[in-house]
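In our numbering, the protein residues as written are 274 to 594.
Notes to accompany the following structure.
This is how it looks when you write it as structure tokens:
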């Protein structure tokens, strides 16, 4: 069976893997994304590591059949470039297509991470066996990958699924410079904004809360800290996660009314803490969505959690279909 290479590029880490077209991973490695280095320097290291992984997994003479890159969006597909990935200023405008072609002697492709993960979940994960599926990233950013009638839908410019800009409310945390957006409510940084606001309210009320303790101690308020506090029974934290679940449900209702999916798969934060978000979101979906569609669709956690390298592998596997 041919060997494939995958590069999952993220703002925090980069996942590397060698695998096969059926999704089987032969070798994998993860390295931190060096913010003080250029994309060229970082990816040269990734290339060398990938070829070393391939040699270890399949022998020194092994040659890859295809390489796929999963990249933070949005991307300029016609130009083969990154546009302006959040928190990665050095990558703005980087020509990923040209770099792949110059560094790998095989077919090469790239795709935004939401689309790549939607494809992986549909091929091998939580959306396997469905016809129409939506993947929601719920990570550093908030985007969607769309499988419609058994095909990945990318749109004429490859920009389908950029749902983070959808305004869910007139007020709320800011995402994409838009208050109350899906990115604001449902990304990690947006959740952090909500938690900090709730901590301030607790201080003003004199209410004890783990969120207040984190802020007053000068600690970093993160989505993970918020979710941990909510799961431990902290009332203020639970108010925040309940609010997030409501907005997730509103977004799912909008997407369900438009696309009538079989399943909506939640990414990073939703996968790590499904009990905080899925029950509440499902209730709101049933209240606000078209009844038959809302009853049909399931909101589920990812089956490939923390395996971004398989998303990149799905991009490579697509080249072999």
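A virtual CB, placed ideally from N, CA and C, is assigned to each residue, including glycine.
Please read these numbers as outputs of a predicted model, since none were measured by experiment.
What number of angstroms, rounded off, separates the C-alpha of residue 296 from the C-alpha of residue 485? 44 Å
Who does residue 409 pair with in a DSSP beta bridge? 417 and 539
May I have the straight-line CA-CA distance separating residue 351 from residue 503, to the nearest angstrom? Straight-line Cα distance between these residues: approximately 44 Å.
What do you reckon, are the CB atoms on residue 538 and residue 399 nearer than 7 Å? yes
Roughly how many angstroms separate the alpha carbons of residue 382 and residue 343, rounded to a whole number? 9 Å
Looking only at C-alpha atoms, which of 430, 490 and 415 sits nearest to residue 454? 415
Do the segment 430–449 and the segment 473–489 make contact, defined as three or more Cβ pairs closer than 8 Å? no
Quick check on DSSP: helix, strand or coil for residue 593? Coil, per DSSP.
Below 8 Å on the Cβ atoms is my guess for residue 284 versus residue 390; work out the distance and round it to an integer in Å. Not confirmed; about 15 Å, so no contact.
Ignore the nearest five residues each way along the sequence and tell me which others in residue 354's own chain have a CB closer than 6 Å to its CB. Taken in chain order, the residues that qualify are 366 and 368.
Pairs of beta-carbons, one from the segment 518–533 and one from the segment 560–574, closer than 8 Å: are there three or more? Taking 8 Å as the limit for Cβ pairs, the verdict is that the segment 560–574 does touch the segment 518–533.
Determine the direct distance from the alpha carbon of residue 348 to that of residue 497, and round the result to whole angstroms. 28 Å
Closest to residue 304 by C-alpha separation, out of 322, 313, 529 and 411, would be which residue? 322
Ends of the beta strand (DSSP E) at residue 385? 380–385
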